[in-house]
Amino acid sequence: MEFAAKITGTGSAFPERRMTNDDIARELTKFGLETNDQWIRERTGIVERRISNVENEAELNSSLGAQAAQRALEMAGKTPEDIDQIIYATCSPDTALPSTACWLQQKIGARRAWGMDINAVCSGFVFGVVTAEQFIRSGYSKTVLVVGAEVLSHFINWQDRTVCILFGDGAGAAVVEKAPARLSRRILSSYLSCDGTLSKLLYVPAGGSAMEVTPDVYAQNLHKFRMNGRELFKVAVRTLTECALRTLEQARVPAVKLDWFVPHQANLRIIEAVANRVGISMEQVIINLDRYGNTSAATIPTALDEAIRDGRIQEGQTVLTDAFGAGLTAGAMVFRW
Ligand code: ACO
């Protein structure tokens, strides 16, 4: 017997501390560098972001993930004991080992679940939900918790003005459950891709086994993000457009029939260019990057959660999610809520 998978609950959580564009401008002047609120707003659409204090246990990646997960479970009407499997999408785990899925499992008390992390950077949540769908369709799992959470502020060189303005911290989660194959409310289509030839457009050279963080490496900030923003921008528009069109076609949903578009929140200009190419009006696009910046794997689940909770996304509506990230990874998914 064949099964489908449906999303039944979402949740999100953010650290308390707000950092505005003016705050960043003030920080940069200490290093003789300039930026300003107008430049950041016009080039990115970002107004402020949240920064976690990892000395506070409640603001660790896994703790934010746990808060988001509890909210998603509550919306789905499930308890932690109902979860069979945890998929934790992150590139900023609490620890290199064990996985953040294990830290989260003990925090929420999901005693029956097995779990693993996946690292597809900003595409992580879409990769996670599509992975959950495969386990559900094969009959292996019934109820999967997918978390997309990041504490990227700790991987940023706060003296690199093209990078430090973009990112923020936060967590989103979704409960994905088994559904009858023909149920209207289900994941309708998906498409995932990678292009490893573009890895150096955005990467962190040190901190893995390829390069230890020695004092010399530390002094050169090689354990922080290296990004070619201009090139990434162009690749992002092309890749997100291709993924969206392919997934809509596979779902047999023309863009005009789509209710909502929840794209990865990297840059408002990227989102506008993609919406325009795919034929989606900006009124149908869910945006939260103005308040949270690019929270990587957390952008899509947090934006989705906000729009479900405030009633924009209604039962029976069709939603397209579409992400790209370092790798270069990309993935899109069409589902009915
Ligand atoms: N404030 C003021 N000036 C700045 C700043 C700043 N914060 N940053 C760069 N500039 C300057 C540059 O030095 C450059 O000056 P120059 O013309 O004298 O050389 C000028 O502004 C224009 O720079 P560009 O890089 O061409 O600016 P652009 O319009 O491309 O915007 C940005 C830069 C915002 C980084 C953009 O390229 C972008 O968003 N790219 C995509 C990045 C992205 O999405 N990364 C995340 C990937 S997802 C993931 O996996 C985590």
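Numbering (this note's numbering), first residue to last: 8 to 344. Don't be surprised by glycine CBs; every beta carbon is placed ideally from N, CA and C.
Next item on the list: Note down, in chain order, each residue of its chain lying with its Cβ closer than 7 Å to the Cβ of V61, except the 5 sequence neighbours on either side.
Entry: In the same chain as V61, and ignoring 5 residues on each side of it, the C-beta atoms closer than 7 Å to its own belong to L67, V158, H161, in chain order.
Check: Cβ of F240 within 7 Å of any heavy atom in ligand 1?
Finding: F240: yes, Cβ under 7 Å from ligand 1.
Margin query: Within a Cβ cutoff of 6 Å, which residues of the same chain sit near F38, ignoring the five residues on either side of it in sequence?
Written below: Around F38, the same chain offers Q166 as residues with beta carbons nearer than 6 Å, after the five sequence neighbours per side are excluded.
Note to self: So, for G236: in the same chain, excluding its five sequence neighbours on each side, which residues have a beta-carbon less than 7 Å away from its beta-carbon?
What the structure shows: Hits under 7 Å: T169.
Notebook entry, point to check: What do you reckon, is the C-beta of R237 under 7 Å from a heavy atom of ligand 3?
Noted result: No copy of ligand 3 appears in this structure; the ligands present are ligand 1.
Margin query: Cutting at 7 Å between CB atoms, please list the residues of its own chain near S130, excluding the five before and the five after it.
Written below: The residues are A330, F331, G332, T336, A337, G338.
Next item on the list: Return the chain-ordered ranges of every alpha helix (DSSP H) run that is complete within the segment 134–209 and spans a minimum of 4 residues.
Entry: Listed in chain order, the complete alpha helix (DSSP H) runs (minimum 4 residues) inside the segment 134–209 are 168–171.
Next item on the list: Decide if the segment 298–309 is in contact with the segment 172–190; the criterion is three or more beta carbon pairs, one per stretch, under 8 Å apart.
Entry: Three or more beta-carbon pairs drawn from the segment 298–309 and the segment 172–190 are found closer than 8 Å, and the two stretches are therefore classed as touching.
Note to self: I'd like the list of long-range same chain contacts for H230, defined as Cβ closer than 8 Å, with 5 residues on each side in sequence excluded.
What the structure shows: Here the set comprises F162, V211, P212, A213, G214, V220, V224.
Notebook entry, point to check: For V224, which of helix, strand or coil comes out of DSSP?
Noted result: Residue state for V224 is assigned as helix, using DSSP reduced to three classes.
Notebook entry, point to check: Buried or exposed: where does Q121 fall if 16 or more other Cβ atoms within 10 Å of its Cβ makes it buried?
Noted result: The sequence shown places Trp at residue 121, rather than the Gln named in the question. By the neighbour-count rule (16 or more Cβ atoms within 10 Å), W121 is not buried but exposed.
Next item on the list: For I115, collect the residues of the same chain with a Cβ closer than 7 Å to its Cβ; drop the 5 residues on either side in sequence, then sort them by chain order.
Entry: Taken in chain order, the residues that qualify are A73, A76, Q77, P87.
Item checked: Member of Q112, N274, P100, A181 whose CA lies at the smallest distance from the CA of V137 -> Among Q112, N274, P100, A181, the Cα nearest to that of V137 is on A181.
Notebook entry, point to check: When the distance is taken between beta carbons, is T97 closer than 8 Å to N63?
Noted result: No, Cβ-Cβ distance for N63 and T97 is not below 8 Å.
Check: Looking at the structure shown, is P100 part of a helix, part of a strand, or coil, going by DSSP?
Finding: DSSP, reduced to helix, strand and coil, places P100 outside both helices and strands of the structure shown, so it counts as coil.
Item checked: Opening and closing residue of the alpha helix (DSSP H) in which T248 lies -> Taken as a continuous stretch (DSSP letters only), the alpha helix (DSSP H) holding T248 covers 236–258.
Next item on the list: Enumerate in chain order the residues of its own chain whose CB-to-CB distance from T27 is below 6 Å, with the five nearest sequence positions on each side excluded.
Entry: Once the five neighbours on either side are set aside, the close Cβ partners of T27 are E55.
Check: Any heavy atom of ligand 1 within a distance shorter than 7 Å of the CB on A282?
Finding: False, no ligand heavy atom lies under 7 Å from that Cβ.
Checklist line | Exposure label - D124; buried when at least 16 CB within 10 Å | finding: With 16 or more other Cβ atoms inside 10 Å of its own Cβ, D124 counts as buried.
Checklist line | Cβ contact (3+ pairs, closer than 8 Å) linking the segment 12–19 and the segment 193–205 | finding: Yes, they touch.
Check: Looking only at C-alpha atoms, which of R276, S288, D312 sits nearest to I53?
Finding: Checked all of R276, S288, D312; the closest Cα to I53 is R276.
Next item on the list: Indicate, with yes or no, if ligand 1 has a heavy atom lying under 7 Å from the CB of M26.
Entry: Using a cutoff of 7 Å, the CB of M26 does not count as near ligand 1, since none of the ligand's heavy atoms is closer than that.
Notebook entry, point to check: What are the boundary residues of the beta strand (DSSP E) that L327 is part of?
Noted result: L327 -> beta strand (DSSP E) spans 325–332.
Margin query: Relative to the C-alpha of G203, which candidate in I93, V242, T107, S70 has its C-alpha closest?
Written below: Distance check between G203 and each of I93, V242, T107, S70 places V242 closest, using alpha-carbon atoms only.
Notebook entry, point to check: Sorted by chain position, which residues of the same chain lie with C-beta nearer than 8 Å to E81's C-beta, five sequence neighbours on each side aside?
Noted result: Excluding sequence neighbours, E81 sits near G16, G18.
Check: Within 10 angstroms of its Cβ, does T102 collect 16 or more other Cβ (buried), or is it exposed?
Finding: The residue in question, T102, is exposed, as its Cβ has fewer than 16 Cβ neighbours within 10 Å.
Next item on the list: To the nearest angstrom, report how far apart V326 and C109 are at their CA atoms.
Entry: Roughly 30 Å between the two C-alpha positions.
Check: Beta carbon of A364, beta carbon of V285: below 8 Å?
Finding: For residue 364 there is no data in the structure shown, the boundaries of the chain being 8 and 344.
Notebook entry, point to check: So, Y198 versus Q141, is the Cβ gap smaller than 8 Å?
Noted result: Cβ atoms of Y198 and Q141: not closer than 8 Å.
Notebook entry, point to check: Does the Cβ of W267 lie closer than 7 Å to at least one heavy atom of ligand 1?
Noted result: Checking every heavy atom of ligand 1 against the Cβ of W267, none is found closer than 7 Å.
Next item on the list: Please work out which residues of its chain come closer than 6 Å, Cβ to Cβ, to A280, disregarding the five sequence neighbours upstream and downstream, and give them in chain order.
Entry: In the same chain as A280, and ignoring 5 residues on each side of it, the C-beta atoms closer than 6 Å to its own belong to V244, in chain order.
Margin query: Shorter than 7 Å, the distance from the beta carbon of W46 to the closest heavy atom of ligand 1, or not?
Written below: Yes, ligand 1 has a heavy atom inside 7 Å of this Cβ.
Item checked: Distance, M218 Cα to T328 Cα -> As the crow flies, the alpha-carbon of T328 is around 35 Å from that of M218.
Next item on the list: In the DSSP assignment, find the unbroken alpha helix (DSSP H) run with R316 in it and report its ends.
Entry: For R316, the enclosing alpha helix (DSSP H) covers residues 306–316.
Item checked: 6 Å CB neighbourhood of C201 in its chain, flanking five on each side removed -> G334, T336, listed in sequence order.
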